[in-house]
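In the working numbering, the protein residues as written are 24 to 429.
In this text, a Cβ means the ideal position worked out from N, Cα and C, and glycines have one as well.
The model shown is predicted, which means the values in this text are computed figures rather than measured ones.
Taking it in order: structure first as structure tokens, then the write-up.
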Ligand SMILES: [Zn+2]
């Protein structure tokens with residue numbers, strides 16, 4: 024079989040053909056021409072068009088490599104007169120309109136960019152970083168326009184930081200399908216609003232049942248406005264995190280108070296206090312028990328934390344709320360300022376905390392995905408622009424479809 028025939032078949036050409044293959048020292052150039060008088064399609068609506076208006080200047084598309092030589096397709100695009108759209112550039116079966124690489128190469132690059140940094144992907148394919156960035160952004164735009172959008176019932180909203188906590192993005196996940204739905208630039212109410220108005224819209228907002236979020240978050244008003252039927256759930260992960268922060272604050276202030284010699288048993292005690300007791304080794308248990316004998320504020324903080332955690336196991340709303348009430352009263356009597364602060368936060372959000380017994384949804388899955396986002400950011404040494412970071416997040420977490428290779 025001639026190499027021309029092989030390439031024509033591989034490219035799936037019907038109205039076009041490969042006329043010649045030219046080998047230079049850096050590329051293999053595949054010359055393509057129209058096949059006889061076969062009808063070309065409109066680049067916008069793909070309708071077959073009878074009339075060709077003119078033949079343009081040669082254009083080139085980078086394609087995958089054959090052995091070591093990268094392939095370039097060279098063709099003079101026709102402009103066709105489409106009955107629906109008017110005068111348009113024809114449709115290329117090997118590439119998306121305006122793309123400078125073939126769909127096959129673009130998809131190969133996009134697949135690798137889900138695993139590697141953009142820089143690493145570029146190196147692998149002999150492209151520059153910018154080309155990879157363009158390919159990923161176009162792939163994401165295509166994916167967002169063509170993704171399946173089944174009804175959404177349970178979502179989790181959270182934030183991820185960019186540039187070491189200077190700038191924040193808001194991410195929204197579908198917790199049932201465990202897939203990223205949306206990314207917003209910043210974490211303000213204003214920035215998250217488009218999720219409800221644009222991404223979801225009034226009709227899709229109506230199927231929402233539960234929204235899982237942090238107590239600190241500024242989205243509660245948005246939820247009331249756009250999805251009033253929704254049950255807000257302040258998720259377990261964040262509550263436990265605030266609780267652990269309180270323990271840690273007590274420990275730190277005690278450390279400041281103690282003398283150098285008294286500090287010794289408390290060295291590296293942080294994880295001891297924050298870990299769940301059943302995860303401690305024998306050695307750690309022993310250290311914990313000495314700690315507990317030594318210092319009263321730390322002991323109170325530790326036992327308060329442990330007592331709170333029982334809340335997650337109640338199944339009856341009444342019992343759960345009784346437990347919480349009792350716990351909050353004892354925390355208020357503890358003379359530990361960080362815990363009083365924590366209680367005041369709980370008081371303001373009781374509804375959303377008690378709904379745990381009904382829904383038992385947690386942002387735990389969200390944390391896994393947030394870690395994935397962090398690793399995306401790390402492997403690229405952080406993204407300089409929010410636009411690129413957002414594209415990378417969608418690309419790796421939203422399970423978007425790739426353009427179809429014809
Ligand atoms: Zn058309």
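In chain order, 192, 214, 409 and 413 place their CB closer than 7 Å to the CB of residue 208, counting only its own chain and leaving out the 5 sequence neighbours on each side. Annotation: the continuous alpha helix (DSSP H) that includes residue 144 extends over 141–148. Per the CB criterion, closer than 5 Å to any heavy atom of ligand 1, the qualifying residues run in chain order as 65, 67, 68, 70, 105, 107 and 108. Taking a contact as a CB-CB distance under 8 Å, the pair residue 234 and residue 180 counts as one, their CB atoms being some 6 Å apart. Cβ contact annotation for residue 175 (same chain, cutoff 6 Å, sequence separation greater than five): 197, in chain order.
Under the 10 Å beta carbon count, residue 393 is surrounded by 16 or more other beta carbons and is classified as buried.
Annotation for residue 374: the continuous alpha helix (DSSP H) segment containing it runs 373–377.
Shown here for residue 389: same chain residues with a beta carbon closer than 6 Å to its own, the five before and five after excluded, namely 179, 181 and 196 in chain order. Assignment of beta-bridge partners to residue 193 by DSSP yields 182 and 207. Beta-bridge pairing by DSSP links residue 353 to no other residue.
Annotation for residue 363: the continuous alpha helix (DSSP H) segment containing it runs 360–370. The Cβ atoms of residue 71 and residue 64 sit closer than 7 Å to each other. For residue 326, no beta strand (DSSP E) segment is defined; the enclosing uninterrupted segment is the alpha helix (DSSP H) at 319–332. Under the criterion of beta carbons closer than 8 Å, residue 375 and residue 257 qualify as touching, at roughly 4 Å.
In the pairwise beta carbon analysis, the stretch 116–127 is classified as not touching the stretch 357–376: fewer than three pairs are separated by under 8 Å. Distance check between residue 170 and each of 212, 68 and 417 places 417 closest, using alpha-carbon atoms only. Sorting 94, 92 and 111 by C-alpha distance to the C-alpha of residue 100 places 111 at the top. Between the stretch 263–274 and the stretch 358–373 there are three or more C-beta pairs closer than 8 Å, enough to call the two in contact. Here residue 230 has 174, 175 and 176 as same chain residues with Cβ atoms under 8 Å from its own Cβ, once five neighbours each way along the sequence are excluded. A residue is called buried when at least 16 other Cβ atoms come within 10 angstroms of its Cβ; residue 259 meets this threshold and is buried. Between residue 117 and residue 96 a beta carbon distance of about 6 Å is seen, short of the 8 Å cut, so the two are scored as contacting. Pairing residue 278 with residue 265, the inter-Cα distance amounts to about 20 Å. Annotation: residue 247 to residue 369 spans about 19 Å, alpha carbon to alpha carbon.
Here residue 108 carries a coil assignment [DSSP, helix/strand/coil]. Taking 8 Å as the upper bound for CB-CB distance, residue 67 and residue 105 are in contact here, some 7 Å apart. Put simply, the stretch 136–144 does not touch the stretch 83–97. Fewer than three CB pairs are less than 8 Å apart. Look at residue 419 here: in three-state DSSP terms it is helix.
Per DSSP, residue 47 is not a residue of any beta strand (DSSP E), being assigned neither H nor E.
In the structure shown, residue 236 adopts extended strand secondary structure according to DSSP, grouped into three states.
Comparing alpha-carbon positions, the option among 299, 313 and 44 lying closest to residue 331 turns out to be 299. If you look at residue 299, you'll find it isn't in any beta strand (DSSP E); DSSP assigns it neither H nor E.
Residue pairing of residue 77 in beta bridges, as defined by DSSP: 102. Judged by beta-carbon spacing, residue 228 lies within the 7 Å limit of residue 250, meaning their Cβ atoms are closer than that value. By the neighbour-count criterion, in which 16 or more other beta carbons inside 10 Å mark a residue as buried, residue 237 falls on the buried side.
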